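To start, the structure itself, in structure tokens.
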Amino acid sequence: GAVVSQHPSWVICKSGTSVKIECRSLDFQATTMFWYRQFPKQSLMLMATSNEGSKATYEQGVEKDKFLINHASLTLSTLTVTSAHPEDSSFYICSARWFRSYNEQFFGPGTRLTVL
Amino acid sequence: KNEVEQSPQNLTAQEGEFITINCSYSVGISALHWLQQHPGGGIVSLFMLSSGKKKHGRLIATINIQEKHSSLHITASHPRDSAVYICAVNPGEYGNKLVFGAGTILRVKS
Chain A
1 GAVVSQHPSW VICKSGTSVK IECRSLDFQA TTMFWYRQFP KQSLMLMATS
51 NEGSKATYEQ GVEKDKFLIN HASLTLSTLT VTSAHPEDSS FYICSARWFR
101 SYNEQFFGPG TRLTVL
Chain B
117 KNEVEQSPQN LTAQEGEFIT INCSYSVGIS ALHWLQQHPG GGIVSLFMLS
167 SGKKKHGRLI ATINIQEKHS SLHITASHPR DSAVYICAVN PGEYGNKLVF
217 GAGTILRVKS
């Protein structure tokens, strides 16, 4: 149980295009989903927290107009990187939290984004 | 100073060795997590602890709340244990966001 999937697992795009990454909780309802990015040889950095049906809360320094997050249902959150640039190339990971387990997070497999 | 400090940063072991990775934190927490990240990138949650000790197969995790310290032990290590091990905490009484350590890169040689 408690499986989180991400799609796509990797994506290569041209500079200036927008890329959407999906995060799904497959066997539970995720009231909260988290989006992280990870640069090579660094730890995870929280970008934003999204609660189902409400606006995402972004961490300091993360541009909300650049990284659009939608959490329209209890099993799906999407991260859209708008007008992507090479510096947005990174590994993006989502995690999901079940409302009955306040501290526990289940991680997705990650999406590797390369912007040319 | 980071809120979560891990040691060592890098660890190389021979197959079969007993391995310990340490995690110290400086804030009050509601839970501590040990995560495993393989070279492909996906993260697996190994343990979530708020007190005492947990065991799963060859992995053992302990936490001392008073000393703000946790250890992850791997018994009879194997090359497939090679990964990055990350300690993370839920700060505060009702921790929401995770605060991560920098990770420990473990390589187990056969």
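Residue numbers (our numbering), protein chains in the order written: chain A, 1 to 116; chain B, 117 to 226. Positions of the beta carbon are idealized from the N, C-alpha and C atoms, including for glycine. Values in this document were obtained by computation on a predicted structure and should not be read as measured data.
- In its chain, beyond the 5 residues on either side, Phe34, Trp35, Tyr36, Glu59 have a beta carbon closer than 8 Å to the beta carbon of Leu46/A.
- In terms of beta-carbon proximity, Lys169/B stays away from the interface with chain A, with every pair separated by 9 Å or more.
- For Ile159/B, the chain A residues whose Cβ falls inside 7 Å of its Cβ are Ile93, Phe107, in order along the chain.
- For Glu52/A, no Cβ of chain B is located within less than 9 Å of the residue's own Cβ.
- Under the Cβ criterion of 9 Å, Thr49/A is counted among the residues facing chain B.
- A direct Cα-to-Cα measurement between Thr191/B and Thr78/A gives close to 39 Å.
- Per the C-alpha coordinates, the member of Ser166/B, Ile135/B, Ser186/B positioned closest to Asp197/B is Ile135/B.
- The C-beta distance from Ser18/A to Thr80/A rounds to 6 Å, short enough to meet the 8 Å contact threshold.
- Using a 10 angstroms sphere on the CB of Ile12/A, the tally of other CB atoms stays under 16, which defines it as exposed.
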